[in-house]
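Novice: Sharing a structure below in structure tokens format, with a few things to ask.
Pasting the structure below:
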């Protein structure tokens, strides 16, 4: 009887896992290697009092395996105009790393201003983000204003998010070893 339940679990569970990864990222051939694009994800604001952001942070990653860096594109909605110039990554270990950020565009939307921002992370830092048992934070700031927007995944949702990224990073490592 246990054997039947195990087979049923495999038939139900495994296709769902594979499907989740297909809707999680896409891998394509590029002249310089394999290109990986992680579809946009949302991250809630880590509130320390009054919320500053009008919507969750949206972010996506692009990685070309011939490179040592990962491009992260972030979209944030704020009340006042927000021209981000710095991204601070708060690792679960307490370590913090800053990365330059550059605005792509800023446009008015129903609830304020939408800003699209580009930054680059070293591949090792990107991998380190998802190795930790606790979620990391993204803090966006601007030299022009006092706004500091801090975002982080909820600890209860972190294991599922982390598992997907760890699997993707393993796929990337395996494909790099083949070349």
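Residue numbers (my numbering): 269 to 447. We put the CB at the ideal spot given by N, CA and C, even for glycine.
Between which two residues does the alpha helix (DSSP H) harbouring residue 438 extend?
Specialist: Segment 426-446, the alpha helix (DSSP H) holding residue 438.
Novice: To the nearest angstrom, report how far apart residue 299 and residue 435 are at their CA atoms.
Specialist: So the alpha carbons of these two residues sit roughly 24 Å apart.
Novice: Roughly how far, in whole angstroms, is the beta-carbon of residue 405 from the beta-carbon of residue 362, given that I think they are within contact range, below 8 Å?
Specialist: Not really, about 11 Å apart at Cβ, beyond 8 Å.
Novice: Return the first residue and the last residue of the beta strand (DSSP E) that residue 391 is part of.
Specialist: Looking at the DSSP string, residue 391 is not in any beta strand (DSSP E); the run it does join, the alpha helix (DSSP H), is 391-397.
Novice: Looking only at C-alpha atoms, which of 380, 356, 437 sits nearest to residue 410?
Specialist: The shortest C-alpha separation from residue 410 is found at 356.
Novice: Nearest-angstrom Cα distance between residue 369 and residue 350?
Specialist: Going by the C-alpha atoms only, they are around 12 Å apart.
Novice: Kindly confirm or deny that the segment 436-444 and the segment 292-310 touch, where touching means at least three C-beta pairs closer than 8 Å.
Specialist: These segments touch.
Novice: When you compare only the Cα positions, how much space is there between residue 328 and residue 413?
Specialist: Their Cα atoms are separated by approximately 25 Å.
Novice: Keeping to the same chain, check which residues put their C-beta closer than 6 Å to that of residue 398; ignore five residues upstream and five downstream.
Specialist: The answer, listed in chain order, is 430, 433, 434.
Novice: Could you check if residue 372 is buried or exposed, using at least 16 other CB atoms within 10 Å of its CB as the buried criterion?
Specialist: It counts as exposed.
Novice: Cβ atoms of residue 337 and residue 391: under 8 Å apart, would you say?
Specialist: Yes, these two residues count as a Cβ contact at 8 Å.
Novice: Quick check on this structure: which residue in 343, 407, 320, 315 has the alpha carbon closest to the alpha carbon of residue 308?
Specialist: The candidate whose alpha carbon is nearest that of residue 308 is 343.
Novice: Are the beta-carbon atoms belonging to residue 346 and residue 380 less than 8 Å from one another?
Specialist: Result yes, Cβ atoms of residue 346 and residue 380 sit closer than 8 Å.
Novice: Output the distance between the C-alpha atoms of residue 290 and residue 437, rounded to the nearest integer angstrom.
Specialist: Those two C-alpha atoms are separated by around 14 Å.
Novice: Output the distance between the C-alpha atoms of residue 385 and residue 375, rounded to the nearest integer angstrom.
Specialist: Taking the straight line from one Cα to the other gives about 12 Å.
Novice: Assuming residue 325 contacts residue 315 under a Cβ cut-off of 8 Å, what Cβ separation, rounded to an integer in Å, is found between them?
Specialist: Actually they do not touch by this definition, with Cβ atoms about 13 Å apart.
Novice: Classify residue 382: buried if its beta carbon has 16 or more other beta carbons within 10 angstroms, exposed otherwise.
Specialist: The residue is buried, with at least 16 neighbouring Cβ atoms inside 10 Å.
Novice: What's the call for residue 377, buried or exposed, on a 16-neighbour Cβ count within 10 Å?
Specialist: Result: exposed.
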